[in-house]
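Taking it in order: structure first as structure tokens, then the write-up.
2 protein chains.
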Amino acid sequence: MSEIVKEIAQGAKQSSFILQTTSGSLRNKALAEIANALRNAGKEIAAANREDMDDAAKDGMPEPLVARLLFDEHKLDETLKGIDELVAMPDAVGKVLEERELDSDLLLRKVTCPIGVIGVIFEARPDALVQIASLCIKSANAVILKGGSEAKKTNEILASVIEKAGKAAGLPDGFISLLTTRTETTEMLRCHEYIDLIVPRGSNEFVRYIMDNSQIPVMGHSDGICHVYVDKAADLAKAAHIVYDSKTQYVAACNAAETLLVHADIAAEAFPKIEEELKKKGVLIKAFGDAEKYLASAVPATEEDFKTEYLDMVITAKIVDGEKEAIDHINKYGSHHTDSIISEDKEAIAEFFAGVDSAGVYANCSTRFADGYRYGLGAEVGISTGKLHARGPVGIEGLLTYKYLLTGNGNVVEDYAEGRRSFHFVEH
Amino acid sequence: MSEIVKEIAQGAKQSSFILQTTSGSLRNKALAEIANALRNAGKEIAAANREDMDDAAKDGMPEPLVARLLFDEHKLDETLKGIDELVAMPDAVGKVLEERELDSDLLLRKVTCPIGVIGVIFEARPDALVQIASLCIKSANAVILKGGSEAKKTNEILASVIEKAGKAAGLPDGFISLLTTRTETTEMLRCHEYIDLIVPRGSNEFVRYIMDNSQIPVMGHSDGICHVYVDKAADLAKAAHIVYDSKTQYVAACNAAETLLVHADIAAEAFPKIEEELKKKGVLIKAFGDAEKYLASAVPATEEDFKTEYLDMVITAKIVDGEKEAIDHINKYGSHHTDSIISEDKEAIAEFFAGVDSAGVYANCSTRFADGYRYGLGAEVGISTGKLHARGPVGIEGLLTYKYLLTGNGNVVEDYAEGRRSFHFVEH
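Protein sequence lines correspond, in order, to chains L and F. Note that our numbering has the first sequence beginning at 1, numbered continuously upward. Note that our numbering has the second sequence beginning at 1001, numbered continuously upward.
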């Protein structure tokens, strides 16, 4: 392993030990000064960004990706608003989650604290760098960033401005580091001694690769195979509208629907209504088995389609015999991300809520609501399809853990083990 | 991979989908009937256990381990009391953690639910099987158990009685499975498609091996290198008593202290007092550097001792220049388990609390308090030195995750994205 990445990770770990002792007001001050410094460097940042964009265009990068790369002064301004919002948010570090008296002179407190060192691998979007760095500062974590290489020059100036302003405001050395090559990413994945959590963003294949190739815990989602199930007790107007929105509102999102399941009893009526709605945006329907009978424009689907995240104007359609089959299908083929039932039957909704093993289980609304902002969580760290630590859209609390603080007055276990003293638990 | 373990894991997954829909009262009823069935099978269980113990003695198992293997009717009775307590505990599944109105007709609820399939690998202690199986039933998780091979016959009859009684009470097929060979353990570690969490108990090397050899998240602790730091503002009588208890009250425990750090200013006075106390149980003190000057009975220590979990009547002693050095030492050499400061100085305690990156950070009490029962958490699943999901002693909530339930009335994201509707977040 290259010693450089290991040293960066070690330095981040050292920095995290100091960061965890900083006050919320120091971190807010640092964030405000970072925002100022970025504003002042707007012209140089835009210039670096133009170089990246020119290089990307020369290298034949597709236009939508080049557009995402853009980070002019207008884009910077928008991004800095995010920092202002973070500064205004209450400090989530050091919050007492539980307080319990174990004995008259023995007090237990469960208190939030930063996780330590976060490694973030993100796509070629310079605003992501600013956003992630700010979230880590707010939550008192050290961060190691690896951005898309197409944004290299922009990322370098952004990270350098943030580092300088942050240190001037009192943040410790090593609170932010930037890696630039793919080799460095591979090396970072081996630093499980120093990095506590990896947050990968970007393509599914890449996230899967990281989950499979590191001992460091990963928070993210590798797939988004979301379902809408139209129950026999569905309001079909709502159903058509929700399927349309779940599929078409933003097809590239992980929370877009990929499979439509319709109860057999209403298939003949429901499918044409939904098809009519989906046609408005030219959605290609792939029908499995009998579903084809009711879908004039459909092409045939295979079992493989149930496992496919199209990220496109394509949806699979299948008839199910009842709710149980719908739930089984979702648990078997889905990615445990977000799934919605359309039904006016409260019991059917309750069964769907209990039976579907996904981060988000919805009734009578679009799968597209799965999003930190829409959930009212504030700044979003990402969406997790893992079940441990954080699940679904994750706000800043996903960058926090807790520790137990126990304060005594000379208390020893022997006294309790031998019956001279006894615990009495009182919740405060 | 052997198809048998894969099929067991698949079966457990299927079972978990049904378990998550069961009511708390059904699970309590099953627990009560399992306790009855075990009570009725007491004689056969004890007979199977005698065979295990005879075999173990013949194979030359050390006596303390043979003693842990004992599972007679008296031990069974004690274990069944644990089930009664679990039945009496409120149901932790389906608890609403947050409830937020996103719009007048769009309600978000964050609700606890089981994790799914838990794989538990435990030492040759039959009572652990009963305890773990009960915790999983209470929390609606399916469980795959792998017990120490020395308890094979006892485990087999226990698992078989639990399975039969549980199924008779309405639990689904596959809610419990027992693996018996080491090969099967290796195969289980590869079943990341079906198993959601591994809880390993037993030797540190084994836990480390599992953490290093599975993609399945692991909840546990591989090391317990705990420290007591005696600050210059310490009450030395308390200090001596707490060091004595932390080291000697139960040396085989992960929360026993392995290193004693003493502030230079009080070393001359503190060390002899502590040494006198430790002598009562014949503790061997290994002194690092100058500490030897103040410890009449000590032998020299090396840096390697700072990384050693003795699990024995041995402790390392070191002088530190101040609190900062103590904190740095603990963060560098410790296992982020439990560390205690002895001090009458509130500021020093606050600094120690903020600076030490451990699951338990204590002041003026013994490290041996790190335990689910002593924390008042009810039945203990284990102690985690990981930072994600669960940290420190973990109660039944460590076997739970959450999902977001969103209930609407035809709501689509397009309306919000295009400004026809807007979110208003109201916490309930």
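For glycine and all other residues, C-beta sits at the position ideal for the given N, C-alpha and C.
| query | result |
| --- | --- |
| For Ser-297 (chain L), does the count of other Cβ atoms within 10 angstroms reach 16, so buried, or fall short, so exposed? | exposed |
| What span of residues does the beta strand (DSSP E) with Ile-1315 (chain F) cover, start to end? | 1314-1320 |
| Given a threshold of 16 other Cβ atoms within 10 Å of its Cβ, counted over all protein chains shown, does His-74 (chain L) qualify as buried or as exposed? | exposed |
| Please check if any C-beta of chain F sits within less than 9 angstroms of the C-beta of Asn-411 (chain L). | yes |
| Just the chain L side, please: which residues come within less than 8 angstroms of Tyr-1375 (chain F) by C-beta, in chain order? | Arg-100, Leu-102, Leu-108 and Tyr-404 |
| Quick one: which residues of the stretch 1006-1021 of chain F get their C-beta closer than 7 angstroms to a C-beta of chain L? List them in chain order. | Phe-1017, Gln-1020 and Thr-1021 |
| Name the chain L residues whose beta carbon is nearer than 9 angstroms to that of Leu-1278 (chain F)? | Neighbours of Leu-1278 (chain F) on chain L: none; closest Cβ ~13 angstroms, over 9 angstroms. |
| Roughly how many whole angstroms lie between the Cα atoms of Val-251 (chain L) and Val-283 (chain L)? | 10 angstroms |
| Between which residues of its own chain and Ala-1363 (chain F) is the CB-CB distance below 6 angstroms, once the five residues before and five after are set aside? | Ile-1341 and Ile-1349 |
| Would you check if there are 3 or more beta carbon pairs closer than 8 angstroms linking the stretch 26-42 of chain L to the stretch 152-171 of chain L? | yes |
| Could you compute how far the alpha carbon of Leu-1107 (chain F) sits from the alpha carbon of Ala-237 (chain L)? | 21 angstroms |
| Output the distance between the C-alpha atoms of Ala-1239 (chain F) and Lys-1247 (chain F), rounded to the nearest integer angstrom. | 12 angstroms |
| Let me know if Gly-1419 (chain F) comes out buried or exposed under the rule of 16 or more other beta-carbons within 10 Å of its beta-carbon. | exposed |
| At the 9 angstroms Cβ level, is His-1241 (chain F) part of the contact set with chain L, yes or no? | yes |
| Can a CB atom of chain F be found closer than 9 angstroms to the CB of Met-219 (chain L)? | yes |
| Starting from the beta carbon of Phe-1425 (chain F), find every residue of chain L whose beta carbon is closer than 7 angstroms, and list them in chain order. | Gly-376 |
| Based on the DSSP output, what are the partners of Gly-1437 (chain F) in its beta bridges? | Any answer about residue 1437 (chain F) is impossible in this case: the structure gives chain F only from 1001 up to 1428. |
| Run through the stretch 1255-1324 of chain F for me and flag every whole alpha helix (DSSP H) of 4 or more residues, listed as ranges in chain order. | 1267-1279 and 1303-1306 |
| Roughly how many angstroms lie between the CA atoms of Lys-1286 (chain F) and Ile-1315 (chain F), to the nearest whole one? | 6 angstroms |
| Taking the C-alpha atoms as reference points, what is the distance between Ser-1203 (chain F) and Gly-1060 (chain F)? | 19 angstroms |
| Residues of chain L with CB under 7 angstroms from Ala-1354 (chain F), in chain order? | Gln-20 and Thr-21 |
| Let me check one thing: in DSSP terms, what residues is Asp-339 (chain L) bridge-paired to? | L:His-227 and L:Val-361 |
| How many Å lie between Asp-54 (chain L) and Leu-70 (chain L) at the Cα? | 11 angstroms |
| For a test of your reading of the model: does the CB of Phe-1369 (chain F) fall under 8 angstroms from any non-hydrogen atom of the ligand ZN? Yes or no. | With respect to small molecules bound, the structure shown includes none, and the ligand ZN cannot be examined in it. |
| What ranges does the alpha helix (DSSP H) occupy inside the stretch 57-83 of chain L, keeping only unbroken runs of at least 4 residues that lie completely in it? | 63-69 |
| Check for me: the beta strand (DSSP E) holding Ser-1366 (chain F) runs from which residue to which? | Premise fails: Ser-1366 (chain F) is in no beta strand (DSSP E) and is neither H nor E. |
| Does the beta carbon of Lys-238 (chain L) come closer than 9 angstroms to any beta carbon on chain F? | yes |
| When the cut-off is 9 angstroms and only beta carbons count, does Ser-1246 (chain F) lie next to chain L? | yes |
| Kindly list the residues whose CB is nearer than 6 angstroms to the CB of Ile-144 (chain L), restricted to its own chain and excluding five residues on each side of it in sequence; keep chain order. | Ala-12, Gly-119 and Ser-177 |
| Compute the distance between the beta-carbons of Phe-1369 (chain F) and Gly-1376 (chain F), then report whether it is under 9 angstroms. | no |
| Can the beta-carbon of Ala-976 (chain F) be found closer than 9 angstroms to that of Ala-1234 (chain F)? | Chain F is shown only over 1001 to 1428; residue 976 (chain F) falls outside these bounds and no answer can be derived. |
| For Gly-1042 (chain F), name the three-state secondary structure that DSSP assigns. | helix |
| Under 7 angstroms Cβ to Cβ from Thr-338 (chain L), same chain only, skipping five residues before and after it: list those, please. | Cys-226, Asn-255, Ser-358, Ala-359, Gly-360, Tyr-362, Thr-367 and Ala-370 |
| Residues in the stretch 1382-1397 of chain F with C-beta within 9 angstroms of chain L's C-beta atoms, listed in sequence order? | Gly-1386, Lys-1387, Leu-1388, His-1389, Ala-1390, Arg-1391, Gly-1392 and Pro-1393 |
| Answer with buried or exposed for His-1424 (chain F), where buried requires no fewer than 16 other C-beta atoms within 10 angstroms of its C-beta. | exposed |
| If we cut at 9 angstroms on Cβ distances, does Ser-1358 (chain F) have a partner in chain L? | yes |
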